[in-house]
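Shown next, in structure tokens, is the structure this report addresses.
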Amino acid sequence: MEKVYDLEERTYLFAKSCRSLIKELPKTISNIQDGKQLVRSSGSVGANYIEANEKLGDKDLIFRLKIARKEAKEAKYWLRLLKDHNKSFERDLEKLICEADELRKILSAIIYKIQ
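Sequential numbering of the sequence shown, starting at 18, is according to this note's numbering.
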């Protein structure tokens, strides 16, 4: 049976998977540029979620969660761009796109619940 990760661990594993895949991609100008943006946004999802978990006021908590959600959406965008140029890695990139979308949905549900 597959282990169910909490959101903090999932965001960490997502960012780690993005970085690992980028190392495998051919070193083209577009891969390097898009990869840098992906690393930034995938790492920011977890960072903002973790900051949102600390004792913040409601307004700051929602703000951080919204930033984390935006970064998950951006990560999905950069993964799609990478997928367009790397057909041999299409399956791995699609898996990460689904994970970015799942994180975005979870964050949206949390935001909706606490507003």
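Just so you know, even glycine gets a beta-carbon here, dropped at the ideal spot from N, CA and C.
Self-check item: C-alpha distance - Met18 paired with Leu24, whole-angstrom precision
Solution: Residue 18 sits at position 1 when you count from the first residue of the sequence shown. Residue 24 sits at position 7 when you count from the first residue of the sequence shown. Summary for Met18: the model assigns pLDDT 42, below 50, so the residue's position carries little reliability, and this model does not support an answer.
Quiz item: Alpha carbon to alpha carbon, how far is Cys115 from Leu82?
Solution: Locating residue 115 in the sequence shown gives position 98, counting from the first residue. Locating residue 82 in the sequence shown gives position 65, counting from the first residue. Taking the straight line from one Cα to the other gives about 19 Å.
Quiz prompt | Proximity to Glu111 [Cα-Cα], best of Arg86, Tyr29, Cys35 | solution = Here the question's residue 111 lines up with position 94 in the sequence shown. The option with the nearest alpha carbon to Glu111 is Cys35.
Practice problem: Could you spell out the range, first to last residue, of the alpha helix (DSSP H) harbouring Gly63? | Solution: Numbered from its first residue, the sequence shown carries residue 63 at position 46. Note, Gly63: alpha helix (DSSP H), 46-70.
Quiz item: Counting pairs of Cβ atoms below 8 Å between the stretch 37-51 and the stretch 95-111, do you hit three or more?
Solution: yes
Practice problem: Excluding the 5 residues preceding and the 5 following Thr28 in the sequence, name in chain order all residues of the same chain whose CB lies nearer than 6 Å to its CB. | Solution: For the purposes of this step, residue 28 is identified with residue 11 of the sequence shown, where counting begins at 1. If we look at Thr28 and ignore the five residues flanking it on each side, its Cβ neighbours are Val62, Gly63, Tyr66.
Practice problem: Using the Cα positions of Ser37 and Arg57, report the straight-line distance between them to the nearest angstrom. | Solution: To locate residue 37, count along the sequence shown from 1; it is residue 20. To locate residue 57, count along the sequence shown from 1; it is residue 40. Cα to Cα, the separation comes out at about 14 Å.
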